[in-house]
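> Line by line, the protein sequences give chains A and B. Here my numbering = 1-based position in the first sequence + 189. Here my numbering = 1-based position in the second sequence + 73.
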Amino acid sequence: MKKWTRKLLEVPYTFMAMNAASVAGLYAFISKQKRKNIWVRSADREAWESVPAPAVRMPVKESSKPFRKAA
Amino acid sequence: MIEWIFWFSFLSILYTYMGYPLILLVWRRIQRRTAKKGSYLPPVSIILAVYNEEKLIERKLKNLLELDYPASLLEIIVSSDGSTDRTEEKVTLFQSAALQPRTDSAPAIRLMAGPAHVGKAAALNRAVEHARGEIILFSDARQILDRKALLKLAANFNDPEVGAASGELVLVDRPGGTGVVGVGLYWRYEKWLRKMESDIDSMLGATGALYAMRKSLYRPIPADTILDDVLIPMQAVFEGYRIVFEPEAMAYDFVPHRPETEFVRKVRTLAGNYQLLWENGAFWSPKKNRLFFQYFSHKVARLAVPFLMIVLFFSNLFLLQGIYLVFLFLQLAWYGLALIGGVSYEKMDAKAS
Numbered sequence: 190m191k192k193w194t195r196k197l198l199e200v201p202y203t204f205m206a207m208n209a210a211s212v213a214g215l216y217a218f219i220s221k222q223k224r225k226n227i228w229v230r231s232a233d234r235e236a237w238e239s240v241p242a243p244a245v246r247m248p249v250k251e252s253s254k255p256f257r258k259a260a
Numbered sequence: 074m075i076e077w078i079f080w081f082s083f084l085s086i087l088y089t090y091m092g093y094p095l096i097l098l099v100w101r102r103i104q105r106r107t108a109k110k111g112s113y114l115p116p117v118s119i120i121l122a123v124y125n126e127e128k129l130i131e132r133k134l135k136n137l138l139e140l141d142y143p144a145s146l147l148e149i150i151v152s153s154d155g156s157t158d159r160t161e162e163k164v165t166l167f168q169s170a171a172l173q174p175r176t177d178s179a180p181a182i183r184l185m186a187g188p189a190h191v192g193k194a195a196a197l198n199r200a201v202e203h204a205r206g207e208i209i210l211f212s213d214a215r216q217i218l219d220r221k222a223l224l225k226l227a228a229n230f231n232d233p234e235v236g237a238a239s240g241e242l243v244l245v246d247r248p249g250g251t252g253v254v255g256v257g258l259y260w261r262y263e264k265w266l267r268k269m270e271s272d273i274d275s276m277l278g279a280t281g282a283l284y285a286m287r288k289s290l291y292r293p294i295p296a297d298t299i300l301d302d303v304l305i306p307m308q309a310v311f312e313g314y315r316i317v318f319e320p321e322a323m324a325y326d327f328v329p330h331r332p333e334t335e336f337v338r339k340v341r342t343l344a345g346n347y348q349l350l351w352e353n354g355a356f357w358s359p360k361k362n363r364l365f366f367q368y369f370s371h372k373v374a375r376l377a378v379p380f381l382m383i384v385l386f387f388s389n390l391f392l393l394q395g396i397y398l399v400f401l402f403l404q405l406a407w408y409g410l411a412l413i414g415g416v417s418y419e420k421m422d423a424k425a426s
């Protein structure tokens, strides 16, 4: 399948998936699954694990600007 | 009667995705509020609530040490929610290896190890309670922050009306360009709405990957809170402050590889929205929540859309004439394309693996 066709098809597919997520979200809330799934934001981390870590640049520069009191 | 039901469903869906953004566009033209930014450098506590992040925690700490911000005004608190892997050990090792000898030019890194896995909200409450900063910066272990992110966020707190400031989560394509296009589009649409809401008054939450808030406005959140990045900044709104969007404060993440990944994230978000509506009366109260109209149009209406789509389709089946036939054809075409999109993904995924 050509790339642009795939892109075109992704829009309705994603829209439907997002709306299905709303129904699944309601179910998850009602069935209290939420409590187990609190850290789900960590999903899809494998992409980061494949990227090399940046070098540490130390120490951090000191600013000369004075800081003010919060209003 | 069926016609009424049909048009109500159709117009409600149209309002949610097109009508509301149009209202925001006009509203912003009439009333645009910009934060009075300044070179404001308050003491900041960066809080990372983590659970089993041994593979990402060092990268994140290195990233935080590279932020352009006076080190003496910075502390980093890693609040581990009963991690069972080497997360806590790695933080301790990082403290001793990266920050020796301890000087004023390096920010303090503090590890708060929770005794058990009780949830992110508890880890955040614990960390904020012990934070010394005037501003709290919340971030996740996964996303990488731009070096100027904190400076840009802090500048907004020069405005006394600003209670919280949210950064921008930039989704970049994955190595090899295999990210999902639809998710990228959806996210851009979402950011456009958030920007307009911020320009008019206030956002309806923040980007969990990067946001900051005045510590004085933080109230401990219930232990089972799913959307901490909505409930925490909205506390500022309930107190009369603004949540502003700072597009120059950026955090980077990858576009998901498959829509399913975004699906899981979305289920969590939407379950969180139901939870907020169910458990927190302030969101429902126009008196307490001055963003009631925006909240209803942006968040609540979205929850109703899938059910309205079902009603729209079935009511259309009873109206098979004239313009209604066109509507039915368009609906079938839309669902058909979605189905083909799903099937093509499955095939491509099978090929790739």
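By construction, the Cβ of each residue, glycine as well, lies at the ideal position given by its N, Cα and C atoms.
With H, G and I counted as helix, E and B as strand and the rest as coil, what does DSSP make of residue 414 of chain B?
Within the second sequence, residue 414 of chain B is the residue found at index 341, counting from 1. If DSSP states are grouped into helix, strand and coil, residue 414 of chain B belongs with the helices.
> If you follow the beta strand (DSSP E) that residue 358 of chain B is part of, which residue opens it and which one closes it?
Walking along the second sequence from the start, residue 358 of chain B turns up at place 285. From DSSP, residue 358 of chain B is part of no beta strand (DSSP E); its letter is neither H nor E.
> Please work out which residues of its chain come closer than 6 Å, Cβ to Cβ, to residue 285 of chain B, disregarding the five sequence neighbours upstream and downstream, and give them in chain order.
The count along the second sequence starts at 1 and reaches residue 285 of chain B at position 212. Within the same chain, residue 285 of chain B has close Cβ partners 208, 210, 226 and 238.
> Quick one: what's residue 324 of chain B bridged to in DSSP?
Position 251 of the second sequence, counted from the first residue, corresponds to residue 324 of chain B. In the DSSP output, where bridge partners are listed per residue, residue 324 of chain B has B:218 and B:242.
> Using only CA atoms, which one of B:347, B:416, B:381 and B:373 lies nearest to residue 220 of chain A?
Counting from one through the first sequence, the residue named residue 220 of chain A turns up at place 31. The shortest C-alpha separation from residue 220 of chain A is found at B:347.
> Under 7 Å Cβ to Cβ from residue 279 of chain B, same chain only, skipping five residues before and after it: list those, please.
For the purposes of this step, residue 279 of chain B is taken as the residue at position 206 of the second sequence. Correct list, in chain order: 237, 239, 302, 306 and 316.
> By the 9 Å beta-carbon criterion, what residues does the stretch 365–382 of chain B contribute toward chain A?
So the close ones are 375, 376, 377, 378, 379, 380 and 382.
> Would you kindly work out how many angstroms separate the C-alpha atoms of residue 377 of chain B and residue 328 of chain B, rounded to a whole number?
For the purposes of this step, residue 377 of chain B is taken as the residue at position 304 of the second sequence. For the purposes of this step, residue 328 of chain B is taken as the residue at position 255 of the second sequence. When rounded, the distance between both Cα atoms is 26 Å.
> How do the stretch 154–172 of chain B and the stretch 262–276 of chain B stand: do at least 3 beta-carbon pairs fall below 8 Å, yes or no?
The answer is no - the stretch 262–276 of chain B does not touch the stretch 154–172 of chain B, with fewer than three Cβ pairs under 8 Å.
> Could you work out which residue in B:323, B:105 and B:182 is closest to residue 131 of chain B when comparing CA atoms only?
Along the second sequence, one-based indexing puts residue 131 of chain B at 58. Checked all of B:323, B:105 and B:182; the closest Cα to residue 131 of chain B is B:182.
> Give me the residue from B:142, B:184 and B:179 with the minimum Cα distance to residue 161 of chain B.
One-based indexing of the second sequence puts residue 161 of chain B at position 88. Per the Cα distances, B:184.
> By the DSSP assignment, the beta strand (DSSP E) with residue 181 of chain B in it spans what residues?
Residue mapping note: residue 181 of chain B aligns to position 108 of the second sequence, counting from 1. That run of the beta strand (DSSP E) goes 181–186.
> Does the stretch 196–206 of chain A come within contact of the stretch 402–419 of chain B, defined as at least 3 CB pairs closer than 8 Å?
Contact between the stretch 196–206 of chain A and the stretch 402–419 of chain B is present, because at least three Cβ pairs lie under 8 Å.
> Inspect the CB distances between the stretch 308–322 of chain B and the stretch 191–208 of chain B and report whether three or more fall short of 8 Å.
Result no; under three Cβ-Cβ pairs closer than 8 Å.
> Would a check of beta-carbon distances place residue 279 of chain B closer than 8 Å to chain A?
Here the question's residue 279 of chain B lines up with position 206 in the second sequence. No, its Cβ sits nowhere closer than 8 Å to a Cβ of chain A.
> At the level of alpha carbons, what is the spacing between residue 91 of chain B and residue 84 of chain B?
Stepping through the second sequence from its first residue, residue 91 of chain B is reached at position 18. Stepping through the second sequence from its first residue, residue 84 of chain B is reached at position 11. About 10 Å.
> In angstroms, rounded to a whole number, what distance separates the CA positions of residue 386 of chain B and residue 401 of chain B?
Taking the first residue of the second sequence as position 1, residue 386 of chain B is located at position 313. Taking the first residue of the second sequence as position 1, residue 401 of chain B is located at position 328. Approximately 7 Å between the Cα atoms of the pair.
> Quick one: give me the first and last residue of the beta strand (DSSP E) that residue 283 of chain B is part of.
As a first step, residue 283 of chain B must be located in the second sequence, where it is residue number 210. Counting along the chain, the beta strand (DSSP E) containing residue 283 of chain B begins and ends at 283–287.
> Under 8 Å by Cβ, that's how I've got residue 323 of chain B and residue 241 of chain B pegged, so tell me the actual separation to the nearest angstrom.
Here the question's residue 323 of chain B lines up with position 250 in the second sequence. Here the question's residue 241 of chain B lines up with position 168 in the second sequence. Residue 323 of chain B to residue 241 of chain B, Cβ: 5 Å. Contact.
> Interface residues of chain A around residue 413 of chain B at Cβ under 7 Å?
As a working mapping, residue 413 of chain B is identified with position 340 in the second sequence. By Cβ distance, chain A contributes 198.
> Spatial neighbours of residue 381 of chain B within its chain, please: CB distance less than 7 Å, with the 5 preceding and 5 following residues excluded, ordered by chain position.
Taking the first residue of the second sequence as 1, we reach residue 381 of chain B at position 308. 82, 85 and 86.
> Below 8 Å, how does it come out for the stretch 147–156 of chain B and the stretch 186–199 of chain B: are there three or more Cβ pairs, yes or no?
The stretch 147–156 of chain B is in contact with the stretch 186–199 of chain B.
> Between the C-alpha atoms of residue 292 of chain B and residue 77 of chain B, what's the straight-line distance to the nearest angstrom?
Looking up residue 292 of chain B in the second sequence gives position 219. Looking up residue 77 of chain B in the second sequence gives position 4. Their backbone Cα atoms lie some 45 Å apart in a straight line.
> With a CB to CB cut of under 7 Å and the five nearest residues on each side skipped, what residues in its chain are close to residue 158 of chain B?
Here the question's residue 158 of chain B lines up with position 85 in the second sequence. Correct list, in chain order: 125 and 127.
> What's the C-alpha gap between residue 398 of chain B and residue 404 of chain B?
Reading the second sequence from its first residue, position 325 is the one you call residue 398 of chain B. Reading the second sequence from its first residue, position 331 is the one you call residue 404 of chain B. Distance between the alpha carbons of residue 398 of chain B and residue 404 of chain B: 10 Å.
> Using C-beta distances below 8 Å, list every residue in its chain close to residue 353 of chain B, excluding the 5 sequence neighbours before and after it, in chain order.
Working through the second sequence from its first residue, we reach residue 353 of chain B at position 280. Cβ neighbours of residue 353 of chain B beyond the five flanking positions: 304.
> What does a CB cutoff of less than 7 Å around residue 364 of chain B pick up in its chain, not counting 5 residues either side in sequence?
Your numbering for residue 364 of chain B matches position 291 in the second sequence. Here the set comprises 274, 275, 277 and 310.
> Tell me the DSSP bridge mates of residue 117 of chain B?
Within the second sequence, residue 117 of chain B is the residue found at index 44, counting from 1. Answer is B:147 and B:208, bridged to residue 117 of chain B.
> How big is the Cα-Cα spacing for residue 412 of chain B and residue 212 of chain A?
On the second sequence, position 339 is the one that residue 412 of chain B refers to. On the first sequence, position 23 is the one that residue 212 of chain A refers to. Looking at the two C-alpha atoms, the distance is approximately 18 Å.
> List, in order along the chain, the chain A residues whose C-beta lies closer than 8 Å to that of residue 314 of chain B?
Mapped onto the second sequence, residue 314 of chain B falls at position 241. Near residue 314 of chain B there are no residues of chain A at all, since even the closest Cβ is about 11 Å away, more than 8 Å.
> Can you tell me whether residue 112 of chain B is helix, strand or coil according to DSSP?
Numbered from 1 along the second sequence, position 39 holds the residue referred to as residue 112 of chain B. Coil, per DSSP.
> Starting from residue 81 of chain B, find everything on chain A with Cβ-Cβ shorter than 7 Å and list it in chain order.
Position 8 of the second sequence, counting from 1, holds the residue named residue 81 of chain B. Those do not exist, as residue 81 of chain B stays about 18 Å from chain A at its closest Cβ, beyond 7 Å.
> Checking 8 Å against the spacing of the C-beta atoms, do residue 208 of chain A and residue 94 of chain B come in under that value?
Sequence index remark: in the first sequence, residue 208 of chain A carries index 19 (1-based). Sequence index remark: in the second sequence, residue 94 of chain B carries index 21 (1-based). The answer is no: Cβ separation not under 8 Å.
> Would you please verify whether the beta carbon of residue 348 of chain B is less than 8 Å from any beta carbon of chain A?
The sequence position of residue 348 of chain B within the second sequence is 275, counting from 1. Chain A contact via Cβ: present.
> Determine the direct distance from the alpha carbon of residue 228 of chain B to that of residue 111 of chain B, and round the result to whole angstroms.
For the purposes of this step, residue 111 of chain B is taken as the residue at position 38 of the second sequence. For the purposes of this step, residue 228 of chain B is taken as the residue at position 155 of the second sequence. Each residue's alpha carbon lies about 5 Å from the other.
> From the beta carbon of residue 322 of chain B, is the nearest beta carbon of chain A less than 8 Å away?
Taking the first residue of the second sequence as position 1, residue 322 of chain B is located at position 249. Output row for residue 322 of chain B: interface = no.
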